[in-house]
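Report on one structure; see the data block that follows.
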Amino acid sequence: AQSVTQLGSHVSVSEGALVLLRCNYSSSVPPYLFWYVQYPNQGLQLLLKYTTGATLVKGINGFEAEFKKSETSFHLTKPSAHMSDAAEYFCAVSKAAGNKLTFGGGTRVLVKP
Amino acid sequence: ETGVTQSPTHLIKTRGQQVTLRCSSQSGHNTVSWYQQALGQGPQFIFQYYREEENGRGNFPPRFSGLQFPNYSSELNVNALELDDSALYLCASSLEQGRETQYFGPGTRLLVL
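Listed in order, the protein sequences are those of chains A and R. Each step along the first sequence adds one to the number in my numbering, with nothing skipped, and position 85 is 131. Each step along the second sequence adds one to the number in my numbering, with nothing skipped, and position 95 is 127.
This is the structure we're talking about:
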């Protein structure tokens with residue numbers, strides 16, 4: 047069975063500071079990995095995904111994530127936080143294209159001015 | 033191109049009642065998945081439909097059932113509602129069963145009293 051662990055249910059950063067959200071996964075097969083963002087009272091929006099190939103993945107809104115197989119990690123970063131980044135972020139894994147997504151518990155990001 | 037839409041946006045039911053939630057997939061998408069997101073948690077996979085057939089199911093009881101129609105719209109039905117069914121229900125569609133990216137709708141928030 048697959049699982050996803052997101053370290054830290056809440057993260058507080060200052061505007062302009064680095065955003066680092068941690069995600070570790072377990073999977074018996076090479077995984078597909080995703081980061082989604084959820085703004086209040088909205089659905090999930092895809093930030094970025096890793097399927098195969100380059101392990102550093104760039105997404106929307108300046109976010110990027112690096113797949114590290116040896117560490118079973120897929121941490122999300124953004125060099126400079128913006129107030130609009132305040133939201134909840136979910137890491138997810140699937141074992142095949144189009145297969146079910148298994149989500150972590152989410153990390154809520156607060157951005158301080 | 034229209035995105036994934038869901039109706040209604042909010043719903044209040046009482047324990048023991050039945051509810052039907054609806055999802056209209058993104059144009060051209062023939063695969064739809066349903067997820068339940070309890071408050072403060074990540075989404076959990078309920079089931080997936082591909083070309084009107086159920087194609088995978090999560091750990092949910094049979095009182096959770098679904099349909100996919102020839103136009104690829106979908107319904108989630110829940111019978112004998114329980115208080116713990118209170119959650120945000122998310123629908124996600126993807127282009128083909130073998131494509132990895134699922135696009136989410138805004139969700140239906142269900143409150144069971």
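Beta carbons: idealized from backbone N, C-alpha and C, even for Gly.
Using the C-alpha atoms, what's the distance from L120/R back to G74/R? 10 Å
Kindly list, in the order they appear in chain A, the residues whose Cβ is closer than 7 Å to that of L143/R. Those within 7 Å of L143/R in chain A number zero; the least Cβ separation is about 14 Å.
C-alpha gap between V155/A and W81/A, whole angstroms: 14 Å
Among the residues of its own chain, which have a CB less than 6 Å from the CB of V83/A, if the five just before and after it don't count? Q91, L93, A133, Y135
Closest Cβ-Cβ distance between P13/R and chain A: below 8 Å? As displayed, chain R neither begins before 33 nor continues past 145, which places residue 13/R out of reach and without an answer.
Applying the 10 Å Cβ sphere with the 16-neighbour rule, what's the burial state of A100/A? exposed
Would you identify the three-state DSSP class for E117/A, choosing helix, strand or coil? DSSP places E117/A in helix when its eight states are reduced to three.
Cβ of S106/R within 8 Å of Cβ of C123/R? yes
E169/A versus V157/A, S74/A, S116/A, Y96/A, residue with shortest Cα-Cα distance: Summary: the structure shown does not reach residue 169/A, with chain A confined to residues 47 through 159, and so no result is reported for it.
Against chain R, which members of the stretch 78 to 111 of chain A pass a CB distance test of less than 7 Å? Cβ contacts with chain R come from Y78, Q88, G89, L90, L92, K95, T97.
Quick one: which unbroken beta strand (DSSP E) runs of 3-plus residues sit fully inside the stretch 62 to 127 of chain R? Chain order, please. Given a length threshold of 3 residues, each whole run of the beta strand (DSSP E) inside the stretch 62 to 127 of chain R is given here in chain order: 63 to 69, 76 to 82, 85 to 89, 96 to 100, 106 to 110, 119 to 126.
Coil, strand or helix - N70/A by DSSP: strand
Neighbourhood of H121/A by C-beta, 7 Å cutoff - its chain only, sequence neighbours within 5 removed: L66, L67, R68, C69, A111, E112
Applying the 10 Å Cβ sphere with the 16-neighbour rule, what's the burial state of Y104/R? buried
Reduced DSSP category for S56/R - H, G, I as helix; E, B as strand; rest coil: In the displayed model, S56/R falls within a strand according to three-state DSSP.
Is there at least one Cβ from chain R nearer than 8 Å to G54/A's Cβ? no
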